[in-house]
């Protein structure tokens, strides 16, 4: 890609996109943390997704420090890591650190009374009946039932219970509701609150994104105004520091990009297996998409400053400086672009499984 023209406009565009990206990444974890808290569950998120993302943020910190990027980016990398730990801890809290073992309940042991009752009953059943055999075995009955006619009492109690339940059933279906003085009254059934409509979700997400982007633009304006006032009458800092190529920093930068790309795969597979995105905050990935997109634009929007007299460039110097700048930021550019496409894939799953999730909520 060729360098863009109009240095002032390009610098403003890069600053605005960078500020919006920072604002999105500051709040990116909040919707998912709130969603988990609201549902008291984190089943919608893949633990592998969070663990690999956390590893990518750790490498991002190391690469940013080794490469010598702006202190603001290092602070943000540390903030991302802390937010990852909070979200991961929340998931572990709701899921539990260990899966409880499923054990079959022990079979109840036979008591002495049960064994005595069973042996007596077997003995009674084995006595052959004849004309002289009494119809009631008083001794056997007392021996079988324990003492003093408790079974008869229990039978009367069960009979009374059956009659009472029958009486309640008859009263429930009587014809009193047929009278004009006693209208038919339906039972009040509590219904679960209806989920938000598609329009409400779109309106809320649009408002949230607009608010965050406006905060990013306001942050850039304040920063640019302060910087301009601070450097008034002085030369602006040169770009040499942003073009230093550090091998160790680049290695960690590419490792960071690799982990960022791999982190989305477990979440994509989990959504595909469940055929649902329930429990996953849409704003979580929308902010990630916008944050990555604006970060990529802020990298591309770079205006080389030549070191010649009055800032004039020699033939091919601007192209050379721009190419070196892109090489230094290639790892971060690759991680952001790749993650952007992966997040768009997750966003497409929200659209694919939307009807199923809405039907499950009713």
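Numbering (full-length UniProt numbering), first residue to last: 1 to 362. Using N, Cα and C, we set each Cβ at its ideal position, and we do this for glycine too. Note that the structure is predicted; figures quoted are calculated from it, not measured.
Proximity of residue i and residue j at Cβ, strictly below 7 angstroms
i           : j           : result
residue 52  : residue 259 : yes
residue 338 : residue 261 : yes
residue 321 : residue 304 : yes
residue 215 : residue 23  : yes
residue 35  : residue 263 : no
residue 41  : residue 93  : no
residue 256 : residue 44  : no
residue 87  : residue 205 : no
residue 331 : residue 14  : no
residue 49  : residue 200 : no
Nearest to residue i (by Cα), restricted to the options the options
i           : options            : result
residue 302 : 202, 318, 65, 68   : 318
residue 252 : 220, 334, 226      : 334
residue 352 : 21, 276, 26        : 276
residue 208 : 287, 228, 270, 224 : 287
residue 213 : 20, 12, 9          : 20
residue 12  : 227, 49, 203       : 227
residue 272 : 346, 49, 42        : 346
residue 28  : 80, 210, 328       : 80
residue 91  : 331, 37, 67, 58    : 37
residue 249 : 74, 323, 40        : 74
residue 85  : 58, 67, 96         : 58
residue 285 : 62, 323, 350       : 350
residue 221 : 16, 10, 298        : 16
residue 355 : 264, 295, 198, 296 : 198
residue 8   : 41, 64, 224        : 224
residue 246 : 42, 230, 96, 324   : 324
residue 343 : 326, 201, 292, 61  : 292
residue 265 : 46, 26, 14, 33     : 46
residue 336 : 295, 313, 244      : 295
residue 54  : 66, 89, 31, 65     : 89
residue 25  : 328, 341, 76       : 76
residue 278 : 32, 18, 10         : 32
residue 67  : 341, 348, 327      : 327
residue 18  : 219, 230, 30, 315  : 219
residue 63  : 39, 230, 254, 203  : 254
residue 329 : 244, 314, 341      : 244
Span of the alpha helix (DSSP H) around residue i
i           : result
residue 219 : 198-230
residue 330 : 330-352
Chain D within 7 angstroms of residue i, Cβ atoms only
i           : result
residue 314 : Of the chains in the structure shown, none is chain D; there is only one protein chain.
**Request:** At 3 residues or longer, and completely inside the region 236-282: list those beta strand (DSSP E) runs for me, N to C.
**Result:** none
**Message:** Give the list of continuous alpha helix (DSSP H) stretches no shorter than 4 residues that lie fully inside the region 36-101.
**Reply:** 47-67, 71-95
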